[in-house]
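> At the far end of the sequence shown sits residue 1172, using our numbering, and the numbering has no gaps. We put the beta carbon where it would ideally sit given N, CA and C, even for glycine. One structure, pasted below without further comment.
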Amino acid sequence: MPSNTGDGYQMAMSVGAKDMLQESPEFMDNYIQALPTNRLTKMAPETMIAGGGPVIWVNQNGRRIANENITSYNMLYQHMPIKATRNTYVVFNKKIWDQFAKIALLKKPDPDEILANAVKKNRGNSLYEENSIEALAKDVGIPEDTLVKTVSDYNDFCHEGRDREFNKEKADLVPIEDGPYYIGRLDNSNLVGLGGIGENNKFEVIDENFNTIPGLYAAGADSTMQYRSVYQSH
């Protein structure tokens, strides 16, 4: 975060505080560079579309890589699958975009204008609109036949009501059948680390031997280690 550059952590380490940084949780979301980033919030469709749900995630080979609804278990899980790929893409159609726009709490500016402008400007060569899946694959340089089969198989799962590949919940099995179709490259947006300074339950900073360092205390984001078992996403 711009307002927190690790000064407190570094000062504590300089006087021998216990280093808990490797155990601290990280917060990281996905985003599509072409879409607006001035309101990175779960209430906007341009953010929701990158976080999973009724979309499919594919790797550089055009194959699905995970249950795209894992964020329903933990919001921060969304970035974990893309760590194991060279590139990760989200595939969706206008119907799915409209579905996100309908449930979003922020509806201005107009979601259709947001999407159209993003495709037109295409910042970072990260978002494409086409009338066929083959064309999407060609846009980003992944095997056309593989992506076509991936989408076709996924549509079959949707109609069957059972994801035979990653067991995604039935409610989020929305077929990608009617165009226009979209493919967006997923990148990591914000990285926020919490905690890192060892302390006891009195907010007293401790050293590597769990002894307190006289007169030194830590609170707030520098010492929030309780989240390591809740938002752990390494």
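Name the two residues that bound the continuous alpha helix (DSSP H) containing L1053.
Mapped onto the sequence shown, residue 1053 falls at position 115. Its alpha helix (DSSP H) spans residues P1049 to K1059.
> Could you check the C-alpha separation between N1138 and D1048 for me, to the nearest Å?
Here residue 1138 corresponds to residue number 200 of the sequence shown, with the count starting at 1. Here residue 1048 corresponds to residue number 110 of the sequence shown, with the count starting at 1. Spanning the two alpha carbons is a distance of roughly 49 Å.
> Identify every residue that forms a DSSP beta bridge with I994.
Taking the first residue of the sequence shown as position 1, residue 994 is located at position 56. I994 pairs with V1029.
> Return yes when the Cβ of T1023 is within less than 7 Å of the Cβ of N1055, no when it is not.
By 1-based counting over the sequence shown, the position of residue 1055 is 117. By 1-based counting over the sequence shown, the position of residue 1023 is 85. Result no, Cβ atoms of N1055 and T1023 do not sit closer than 7 Å.
> With DSSP collapsed to three states, give me the class of L959.
If you number the sequence shown from 1, residue 959 lands on position 21. Reduced to three states, the DSSP call for L959 is helix.
> If you check the beta carbons only, do G1122 and V1057 fall under 7 Å apart?
The residue labelled residue 1122 in the question sits at position 184 within the sequence shown. The residue labelled residue 1057 in the question sits at position 119 within the sequence shown. The answer is no: Cβ separation not under 7 Å.
> G1079: which of S1064, P983, N1093 and S1090 sits nearest, CA to CA?
Sequence index remark: in the sequence shown, residue 1079 carries index 141 (1-based). Of S1064, P983, N1093 and S1090, the residue nearest in Cα terms is S1064.
> Who pairs with I1135 in a beta bridge, going by DSSP?
As a first step, residue 1135 must be located in the sequence shown, where it is residue number 197. Answer is D957.
> Between which two residues does the alpha helix (DSSP H) harbouring G1122 extend?
Locating residue 1122 in the sequence shown gives position 184, counting from the first residue. Run containing G1122: none in the alpha helix (DSSP H); it sits in the beta strand (DSSP E), Y1119 to R1123.
> Going by beta carbon distance, what residues of the same chain come within less than 8 Å of N1093, once the five residues before and after it are set aside?
Counted from its first residue, the sequence shown places residue 1093 at position 155. Hits under 8 Å: P1113, I1114 and E1115.
> Please go through the same chain and pick out, in chain order, the residues whose beta-carbon is closer than 8 Å to the beta-carbon of D1091, but skip the five residues on each side of it.
As a position in the sequence shown, residue 1091 is number 153, starting the count at 1. Excluding positions up to five away in sequence, the list reads E1103.
> If I'm right that W1035 touches P1019 with Cβ under 8 Å, what's the distance once you round it to whole angstroms?
Mapped onto the sequence shown, residue 1035 falls at position 97. Mapped onto the sequence shown, residue 1019 falls at position 81. Actually they do not touch by this definition, with Cβ atoms about 21 Å apart.
> On a Cα-Cα basis, can you pick out the residue from F1095, L1124 and N1126 that is closest to L938?
Within the shown structure, residues of the chain are numbered from 939 to 1172, placing residue 938 beyond reach of any answer.
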